[in-house]
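*Asks:* Quick one: the structure is below, questions incoming.
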Amino acid sequence: MKHVEKSSRLCAISLFAIAVVGAVFAPPFGPWRRLSSEPVLSPRGSGFESAGTFNPAVGKERDKFVMLYRAHDGKGTSSLGYATSDDGVHFSQRPEPVMVVMVAPGLLLLRLDSIIRGQNGHGSGTVATGRKKAAVKIVRSGFIAGERLGFGGRTTGPETYTAANYKTVNARTTDPRGFACCLLIALLILPPGNSSQTARDYERAMADFHKGDYSSAAELFVKVEVASPGTTEALLFEGKCLIHLEKYQDAERALRSYVGRRPNSDEGLYLLGFVLYRQNKPAESLAMYTKGAALKRPGGDDLKIVGLDYVMLNDYADAVKWLERAVELEPKNKEAWYYLGRAYYTEKDVPDAQKAFLTVLDLDPRDARAENNLGLIFESEAKVTQALDAYRQAIAWQQGSPRPSEQPYVNLGNLLMKEGRTEEAIPHLQRAVSLAPSNAFCHLKLGEAYRRVHRSDEARRELERATQLEPENATVHYQLGRLYQEIHDRARAQAEFDRTMELQIRGNSPTPQPPTE
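And the structure:
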């Protein structure tokens, strides 16, 4: 918002100053004409080419033709450029709209956050660009753009840019039209739109963001970015809003645009890595975290997501390594401890898994997920009473939660069924299915329970649903085959047993499990 507010004030100041300087000091300007016999701009659809470099010979430029223009590449990047009759075209490209006006003698420079007066006549000036400075060559009687404006600006060889639109100003430095030329170039370079309105929109967007109205904030950030591309952090905060709204595909779009303009933004890279993880793109996510880590040391939460990326890649050795580093870096990171416990448990490292879940409970004594996983550990150690107590405790702790987990219900029901208490198990399994209707494991266990108490129609419904959810799972086909056999549907039973055998031969026979939270 500060950039936008300063921009608004400086626009007015610069227009007035340029007009005055142009009227009083500017040398004569000749008639408008092309810079050379070859077109300086070579339109290609909506694009143009740039070529060559600029090396002014101070003291020999009085009659040189100079063109100054501002263009967009269609991706939100603005470029300020100039062309001369003998040097071709030169660009200064930066990830933010460039606002520069130079009048010589009496150089005026306007760039977002600075007005600088350079030396009169020949010589050089300095452009303040935040963290870096850039040399500016000054020609006695013309307009010239700095050789490098802002960090990231550079001169290259032939290069094609896609331009949504462009304007040109061609001036010869010998006849009197200084005032009009100064004002025209100022209007050309200053960004379009109502800066003060943009500033107000940005302020409202930030206020909405901080009070948690992410939908409204996201809409305003989009409006700000359209009105003033790249001058604020609108794209970054739009991405944050969309993450809160769990619109990860849209968040990816916003953050990719932001990182495209600011490739050295560690925050943007880490957020993009998180969004890619949430979209089940672990390899792409890891690539973003690697880039971010090269710019700034990752925190515990960042390393936690790196570990979970490896979980999705089924590389539990690396998952454990990065999750261990996460808790070393942030010993009170409850989420990292929880997922580390899950990774240990999957790797059958039960003692370390138990320690991790107990650490979670030390940090949060009513963490239902950790308590549920302790129940799994007790069950694996044949401590039935402790396991049942843990599952029931986890269920009690998540009462009133906006997103209760199905896991303690399905685990409690499954253990009760193993203990021969099927009727007691059914209500818990029904609750699990209602909480997670797309979880094949829940449907499988409820179907098994119904089959055991001879509720065949309900058992068939649940087991068929389980096969629909996981058609490549041998266990669910086997249980459905047993049901068909019990109800004397031999043809279907044989088909399910054949399918079971096929999947087992292919080595693709996982037992459906509750998803990792």
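Residues 63 to 579 (the working numbering) make up the sequence shown, in order. Every residue gets a Cβ at the ideal spot worked out from N, C-alpha and C, and that includes glycine.
Does the beta-carbon distance from HIS344 to ASP364 come in below 8 Å?
*Replies:* The sequence given here has Pro at residue 344, not His. Result no, Cβ atoms of PRO344 and ASP364 do not sit closer than 8 Å.
*Asks:* Could you give the residue range of the alpha helix (DSSP H) that holds ASN59?
*Replies:* With the chain covering 63 to 579 only, the question about residue 59 has no answer from this structure.
*Asks:* Apart from the five residues just before and just after VAL368, which ones in its own chain have a Cβ nearer than 7 Å to its Cβ?
*Replies:* Result list for VAL368: LEU348, TYR351, TRP384, in chain order.
*Asks:* Within 10 angstroms of its Cβ, does SER327 collect 16 or more other Cβ (buried), or is it exposed?
*Replies:* Classification for SER327: buried.
*Asks:* In this structure, how does DSSP classify ALA498 when only helix, strand and coil are distinguished?
*Replies:* Coil.
*Asks:* Going by C-alpha to C-alpha distance, which of GLY482, HIS505, ARG483 sits closest to ARG493?
*Replies:* Selected option, being the one with the closest Cα: HIS505.
*Asks:* Alpha carbon to alpha carbon, how far is TYR546 from GLY356? Give it in angstroms, no decimals.
*Replies:* Checking the sequence, you will find Ala at residue 356 rather than Gly. Spanning the two alpha carbons is a distance of roughly 58 Å.
*Asks:* Roughly how far, in whole angstroms, is the beta-carbon of GLN341 from the beta-carbon of TYR310, given that I think they are within contact range, below 8 Å?
*Replies:* That pair is a contact at about 5 Å.
*Asks:* Taking just the CA atoms, how far does SER290 sit from GLY462?
*Replies:* About 45 Å.
*Asks:* Give the DSSP-derived three-state secondary structure of LYS417 in the structure shown.
*Replies:* Note: LYS417 maps to helix in three-state DSSP.
*Asks:* Starting from LYS366, trace the alpha helix (DSSP H) both ways and give me its first and last residue.
*Replies:* That run of the alpha helix (DSSP H) goes 362 to 374.
*Asks:* Can you check which of these residues, GLU481, THR484, ALA498, ALA444, is closest to PRO470 by C-alpha distance?
*Replies:* Nearest of GLU481, THR484, ALA498, ALA444 to PRO470, Cα basis: ALA498.
*Asks:* Starting from GLU300, trace the alpha helix (DSSP H) in both directions and tell me its first and last residue.
*Replies:* GLU300 -> alpha helix (DSSP H) spans 296 to 306.
*Asks:* State the Cα-Cα distance for the pair ILE567 and ALA444, rounded to the nearest angstrom.
*Replies:* Distance between the alpha carbons of ILE567 and ALA444: 31 Å.
*Asks:* What is the DSSP secondary structure of LYS275, counted as helix, strand or coil?
*Replies:* Sequence check: residue 275 is Asp here, not Lys. Looking at ASP275 - three-state DSSP - the assignment turns out to be coil, as it is neither helix nor strand.
*Asks:* Give me the Cα-Cα distance between ALA430 and TRP399, rounded to the nearest whole angstrom.
*Replies:* Cα-Cα distance, rounded: 14 Å.
*Asks:* With H, G and I counted as helix, E and B as strand and the rest as coil, what does DSSP make of GLU481?
*Replies:* Residue state, collapsed to three classes: coil.
*Asks:* To the nearest angstrom, how far is the alpha carbon of VAL373 from that of LYS410?
*Replies:* Roughly 15 Å separates the two Cα atoms.
*Asks:* Could you tell me the distance, in whole angstroms, from the CA atom of GLY509 to the CA atom of GLU548?
*Replies:* When rounded, the distance between both Cα atoms is 14 Å.
*Asks:* Applying the criterion that 16 or more other CB atoms from any shown protein chain within 10 Å of the CB defines a buried residue, is ALA487 buried or exposed?
*Replies:* By the 10 Å Cβ count, ALA487 comes out buried.
*Asks:* Along the chain, where does the alpha helix (DSSP H) that runs through ILE457 open and close?
*Replies:* Segment 446 to 459, the alpha helix (DSSP H) holding ILE457.
*Asks:* Under a Cβ-count criterion, where at least 16 other Cβ atoms within 10 Å of its own Cβ denotes burial, should GLY569 be classed as buried or exposed?
*Replies:* Exposed, because fewer than 16 other Cβ atoms sit within 10 Å of the Cβ of GLY569.
*Asks:* In three-state DSSP terms, what is LYS586?
*Replies:* The structure shown does not extend to residue 586, since the chain spans only 63 to 579, so no value can be given for it.
*Asks:* Leaving out five residues before and five after LEU391 in sequence, what residues of the same chain have Cβ atoms less than 6 Å from its Cβ?
*Replies:* GLY362.
*Asks:* Using a Cβ-Cβ cut-off of 6 Å (strictly less than) and excluding sequence neighbours within five positions of LEU478, which residues of its own chain qualify?
*Replies:* Here the set comprises GLU486, ALA487.
*Asks:* Grab the span of the alpha helix (DSSP H) containing PRO344 for me, first residue to last.
*Replies:* Note, PRO344: alpha helix (DSSP H), 344 to 357.
*Asks:* Identify, in the order they occur along the chain, each residue of the same chain with its Cβ nearer than 6 Å to the Cβ of SER518, setting aside the five sequence neighbours on each side.
*Replies:* Once the five neighbours on either side are set aside, the close Cβ partners of SER518 are ILE549.
*Asks:* Three-state secondary structure (DSSP) at ILE488?
*Replies:* Correct three-state label for ILE488: helix.
*Asks:* Just mark GLU532 as buried or exposed, buried being the case when its beta carbon has 16 or more other beta carbons within 10 Å.
*Replies:* By the neighbour-count rule (16 or more Cβ atoms within 10 Å), GLU532 is buried.
*Asks:* Might you give, ordered along the chain, the residues of its own chain that have their beta carbon closer than 6 Å to the beta carbon of ALA279, omitting 5 neighbours on each side?
*Replies:* Cβ neighbours of ALA279 beyond the five flanking positions: ALA267, ASP270, PHE271, CYS303.
*Asks:* If you draw a straight line from the C-alpha of PRO89 to the C-alpha of GLY274, how long is it?
*Replies:* Note that PRO89 has pLDDT 40, beneath the 50 cutoff, so the model's placement of it is unreliable and the number below is only indicative. Each residue's alpha carbon lies about 56 Å from the other.
*Asks:* Does GLN311 come out as helix, strand or coil in the three-state DSSP assignment?
*Replies:* Helix, per DSSP.
*Asks:* Helix, strand or coil: how does DSSP classify VAL286 here?
*Replies:* Of the three classes helix, strand and coil, the one that applies to VAL286 here is helix, per DSSP.
*Asks:* Are the beta-carbon atoms of GLU265 and LEU298 separated by less than 8 Å?
*Replies:* The answer is no: Cβ separation not under 8 Å.
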